[in-house]
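A.B. asks:
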Amino acid sequence: MKKPMMPAPSRRGPPETSLSAATRRAFLQAAPGAVWLAAPADAAAPPAEALRIREVAYDRKGGFLRLRTDAVTGSGPLDVTHEGEAAESLGRAVLRNADAAQREAWWAELRRRGAPPAVLAALDLALWDLLGQAWKLPVFRLLGGFRDLLPACRAGAPERNLERLVEAVGEARRQGYRAYRSRARLPVAETERMASRVRAAAGDDFVLIHDALGQFDFADAVRAGRALEQAGYAWLENPLADRAAAPRRRLCAALDLPVAANVTLASAAAVLAEQSADLLVARVPGDAGFTGLVKMARLAEAFGVFLELAAAPQPLLGVQAHLLGAVRNAMFFFAETAVPLADGQVRVPAAPGFGRLGAGA
Amino acid sequence: MIIRSVTFYLEEYPPGTRSVSSRLGTIEKTPPGLSNVFTHALGFRKQRPDEVIEFQDTQARPSYLLTLRLETDGGMSAWTGYASGYSAAELEWQAKGFLAQLAPMLKGVDVFDREYIWQRLFTAQRFFYTGRMPVDVVDNALWDFASRYARQPIYRLLGGARTRVPAYRNIGGPSIGELVEDARRAQAEGFRGVKDHAYLGARQYAVAARELRAAVGPRFPLMHDAVWSYDFNDAVRIGRVLERYEYSWLEEPLMDYDLLGSKKLCEALDLPIMAMEWIGAVGGQPYTASAYLALGATDIVRQRALGITGQIKLAQLAECFGRKVHGGNPHVVLAITNDDMYEWVGPIVRRPPESELTVQGTPILEDGYLTIATGERNTPEPDWDALARRAVGVFA
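Chains as they are written, first to last, in our numbering: chain W, 1 to 361; chain L, 1001 to 1396.
Right under this line is the structure:
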């Protein structure tokens, strides 16, 4: 039975469905007689003026750069204390009275002004933290969440002694970690021994990664790589003494074992374009803040390449978790210090902003 | 907030009349005839009256709108117009296809886990042969949800790099005189650039470019969209002409498929080349764009990525290569720094009265710029019960 139609604006054909604004308009036109429900409870959410930054201050004691609006405070860890003053003055010049929601503009402006990486990162992190709090969203879900549990990998301290290394791997396993990244400057024959020994101790279902601390020449890197392949290692970091791209590219081609390269936002595109790495590793906060890490992750994703984050210093562990929570192309949460684990996984903080790792929901 | 249910509402929509015509032209061999390239006739001649084929409904037919609703446990729903058409039965089965194949991937997922949903639906494109539409539509609806939740227009959630971007108009005409006239008209309307799709061959186009530049004056952006009309040598010749008249870019001179030809052309010309509109449309961006950028096979990437999530990925990928993108969702365009101009297609939308504005915003043309006008009022949700009563079908 056809329902009576309300008169509606004339139109020529079916509405567009690709733009949400257009479809919303089409929807409104389609049902002009509809009774609208009240807007959802959102009284607490701020209007744009509430996102105006009133104050930029460096908190020396806590090691945080803080951005304050009338309602919330965003914090960006800055452990390089001597840059605190620079961050404060640059932050004031660029961000005081600024609209926090235009963070992409401020990121570009800070870079244009040549902000040192630590300063850029602190201000950029504080902006993200502030917006997450203002909008009541954890940062990874402000970006668009991919997961809230991250398989954890213990990033071991440099260890040349094979017995102690085996012990450390075993302990990580007992603690629930799903992977161990060893780091040692070992000659190739010892690397071969390490590979089989550690694998035997760790068992077949445990992920192993090795960082060779850049000590091999090309031939040794291939030999070491073959041994790690044999032992089922997941990838190899810093194999070559020569940090140039060309030999690393050759090594990537020679080995089945993925070879990782350390990258920054400035270098990542070239590394991917010339295929001189199978896997990228970036530092947190890196050379261009959280925004830079996000861009680097998207860049790598488009090449089908993973971007892993090296274990962050303590105040940045939450930041590390949020980036990993928003991307598909990263495998592990690397932890140099003990982090709270649930079934071998780190939970991305669910509190608005970056929150704190292990602080609960 | 977890997505608990997926529901489609099929309702009657105002009756419409359909028409189809050959007036736009056809695909013909380019007139100088040496390159054996085919192009659309739009740029160089009108259909003769005896060629025109047209069909037109004599009376309005009932049409239907399918609305998709993702209801969360937080008292809010994401929703979007999903499809519309003249057959209720076809739409019903489209809804059922979605419910059987895609809805299970949405239920139980946090409504803010857009990346997870995007990745899953992106892969479903391939497995279920869905095409790009479900990814686009669902992702945009999830961003709209976030916008209503945070009471911010999407472009601000994305970083809000800019509040406005200069807009340009597409111009056309079967003769150089009419082309120039159209350019003047767009300029008078306040547009800050014009782009033509005229195929005239290298020699004739040089005349058009000279006339256009003379008509619009210096520094007014001019663009030429060739829609695959040239072979490589023609493209170089045309490119040099455009350089002389200070064009902003040359769009799709070669087929997108000609990756190495495009690379060679980018290297040969000073003028920026834009590619990927067609390959992007298929639904592979941002992943298809990495090879173009790594090879240097385009200077500007035509933005056709899936959903707002995909478009931001593509823009950031291009940015990492120091490249621009062009096009896409107005919210994405304002959110990023690497897209110079907005192509305003369709009727001009001016600033509506304050009472019609929402927090989500409406893309408008103001002073020749694209901007997004926002208000204080959040877009309310439909009365779902009333919609269910009004609907000719509800599918869940």
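C-beta atoms are modelled at their ideal positions from N, C-alpha and C, and glycine is treated no differently.
Taking contact to mean 3 or more Cβ pairs, one atom from each stretch, closer than 8 angstroms, check whether the segment 1129-1136 of chain L and the segment 59-79 of chain W are in contact.
C.D. replies: With the cut-off at 8 angstroms, the segment 1129-1136 of chain L and the segment 59-79 of chain W do not touch.
A.B. asks: What is the rounded straight-line gap between the Cα of Ala-1396 (chain L) and the Cα of Ala-1215 (chain L)?
C.D. replies: Taking the straight line from one Cα to the other gives about 58 angstroms.
A.B. asks: Just by C-beta distance, which residues in the segment 84-103 of chain W are closer than 9 angstroms to chain L?
C.D. replies: Flagged, chain order: Asp-99, Ala-101, Gln-102, Arg-103.
A.B. asks: Closer than 8 angstroms, Cβ to Cβ, to anything on chain L: give me those residues from the segment 317-342 of chain W, in chain order.
C.D. replies: Listed in sequence order: Ala-326, Val-327, Arg-328.
A.B. asks: Output needed for Trp-1228 (chain L): all residues of its chain with C-beta closer than 7 angstroms, excluding positions within five of it in sequence on either side, in chain order.
C.D. replies: The answer, listed in chain order, is Thr-1039, Glu-1252, Leu-1254, Met-1255.
A.B. asks: If Ala-155 (chain W) and Ala-335 (chain W) are in contact, beta carbons under 8 angstroms, what's the gap, nearest whole angstrom?
C.D. replies: Between Ala-335 (chain W) and Ala-155 (chain W) the Cβ distance is about 6 angstroms, and since that is below 8 angstroms, they are a contact.
A.B. asks: Cβ atoms of Arg-1164 (chain L) and Tyr-1369 (chain L): under 7 angstroms apart, would you say?
C.D. replies: Against a cut-off of 7 angstroms, the Cβ pair of Arg-1164 (chain L) and Tyr-1369 (chain L) comes out as a contact.
A.B. asks: Please classify Val-1052 (chain L): does DSSP put it in a helix, a strand, or coil?
C.D. replies: Coil at Val-1052 (chain L), not helix or strand.
A.B. asks: Please report how far the alpha carbon of Leu-1222 (chain L) lies from the alpha carbon of Gly-1173 (chain L), in whole angstroms.
C.D. replies: Distance between the alpha carbons of Leu-1222 (chain L) and Gly-1173 (chain L): 15 angstroms.
A.B. asks: Please check if any C-beta of chain L sits within less than 7 angstroms of the C-beta of Arg-298 (chain W).
C.D. replies: By this cut-off, Arg-298 (chain W) is an interface position.
A.B. asks: Excluding the 5 residues preceding and the 5 following Ala-245 (chain W) in the sequence, name in chain order all residues of the same chain whose CB lies nearer than 7 angstroms to its CB.
C.D. replies: Counting only Cβ-Cβ distances below 7 angstroms, and skipping sequence neighbours, we find Val-271, Glu-274, Ser-276.
A.B. asks: Against chain W, does Ala-1373 (chain L) count as a neighbour if the rule is that its beta carbon must be under 7 angstroms from one of theirs?
C.D. replies: No, no contact with chain W.
A.B. asks: With Tyr-1342 (chain L) and Pro-1352 (chain L) assumed to form a contact (beta carbons below 8 angstroms), what rounded beta-carbon distance in angstroms separates them?
C.D. replies: Contact doesn't hold; Cβ gap of about 19 angstroms is too wide.
A.B. asks: Report the residues of the segment 1106-1121 of chain L with a CB closer than 8 angstroms to any CB of chain W, ordered along the chain.
C.D. replies: Flagged, chain order: Asp-1110, Phe-1112, Asp-1113, Arg-1114, Glu-1115, Tyr-1116, Trp-1118, Gln-1119.
A.B. asks: Around the Cβ of Glu-1354 (chain L), are there at least 16 other Cβ atoms within 10 angstroms (buried) or fewer (exposed)?
C.D. replies: By the neighbour-count rule (16 or more Cβ atoms within 10 Å), Glu-1354 (chain L) is not buried but exposed.
A.B. asks: Counting contacts by CB-CB distance shorter than 7 angstroms, is Gln-1094 (chain L) in contact with chain W?
C.D. replies: Chain W contact via Cβ: absent.
A.B. asks: Quick one: grab the DSSP three-state call for Leu-1157 (chain L).
C.D. replies: Leu-1157 (chain L) falls in the helix class under three-state DSSP.
A.B. asks: When you compare only the Cα positions, how much space is there between Asp-1385 (chain L) and Gly-145 (chain W)?
C.D. replies: Between Asp-1385 (chain L) and Gly-145 (chain W), the C-alpha separation is close to 31 angstroms.
A.B. asks: Roughly how many whole angstroms lie between the Cα atoms of Gly-1393 (chain L) and Glu-1319 (chain L)?
C.D. replies: If I take the Cα positions, the gap works out to 46 angstroms.
A.B. asks: Counting along the chain, where does the alpha helix (DSSP H) carrying Thr-1309 (chain L) start and finish?
C.D. replies: Start and end: 1307-1320.
A.B. asks: Would you mind reading off the limits of the beta strand (DSSP E) that contains Lys-1195 (chain L)?
C.D. replies: Segment 1194-1196, the beta strand (DSSP E) holding Lys-1195 (chain L).
A.B. asks: Of the choices L:Val-1241, L:Val-1332, L:Gly-1283, L:Arg-1350, whose alpha-carbon is the least far from that of Pro-1373 (chain L)?
C.D. replies: According to the sequence as given, residue 1373 (chain L) is Ala; it is not Pro. Residue L:Arg-1350 is the option with its Cα nearest to Ala-1373 (chain L).
A.B. asks: Return the residue from the list L:Thr-1309, L:Tyr-1287, L:Leu-1293, L:Ser-1248 that minimises the CA-CA distance to Pro-1272 (chain L).
C.D. replies: Comparing Cα positions, the closest option is L:Ser-1248.
A.B. asks: In terms of residue numbering, what span does the beta strand (DSSP E) encompassing Asn-1170 (chain L) cover?
C.D. replies: Per DSSP, Asn-1170 (chain L) belongs to the beta strand (DSSP E) from 1164-1171.
A.B. asks: Does the separation of the CB atoms of Leu-51 (chain W) and Ala-100 (chain W) fall below 7 angstroms?
C.D. replies: Taking 7 angstroms as the Cβ cut-off, Leu-51 (chain W) and Ala-100 (chain W) qualify as a contacting pair.
A.B. asks: So what does DSSP say about Asn-329 (chain W), is it helix, strand or coil?
C.D. replies: Three-state result, Asn-329 (chain W): coil.
A.B. asks: Per DSSP, what kind of secondary structure is Met-1255 (chain L) in: helix, strand or coil?
C.D. replies: Three-state DSSP puts Met-1255 (chain L) in coil, outside helix and strand.
A.B. asks: So Glu-1414 (chain L) contacts chain W; which residues on that side make the cut at Cβ distance below 8 angstroms?
C.D. replies: No answer is possible for residue 1414 (chain L): it lies beyond the span of chain L, which begins at 1001 and ends at 1396.
A.B. asks: Taking the C-alpha atoms as reference points, what is the distance between Leu-1334 (chain L) and Arg-1162 (chain L)?
C.D. replies: Rounded to whole angstroms, Leu-1334 (chain L) to Arg-1162 (chain L) spans 5 angstroms at the Cα level.
A.B. asks: Using the DSSP secondary-structure output, state which residues sit across from Phe-1128 (chain L) in a beta bridge.
C.D. replies: According to DSSP, Phe-1128 (chain L) bridges with nothing at all.
A.B. asks: Consult DSSP for Trp-1079 (chain L) and reduce its assignment to one of helix, strand or coil.
C.D. replies: Strand at Trp-1079 (chain L).
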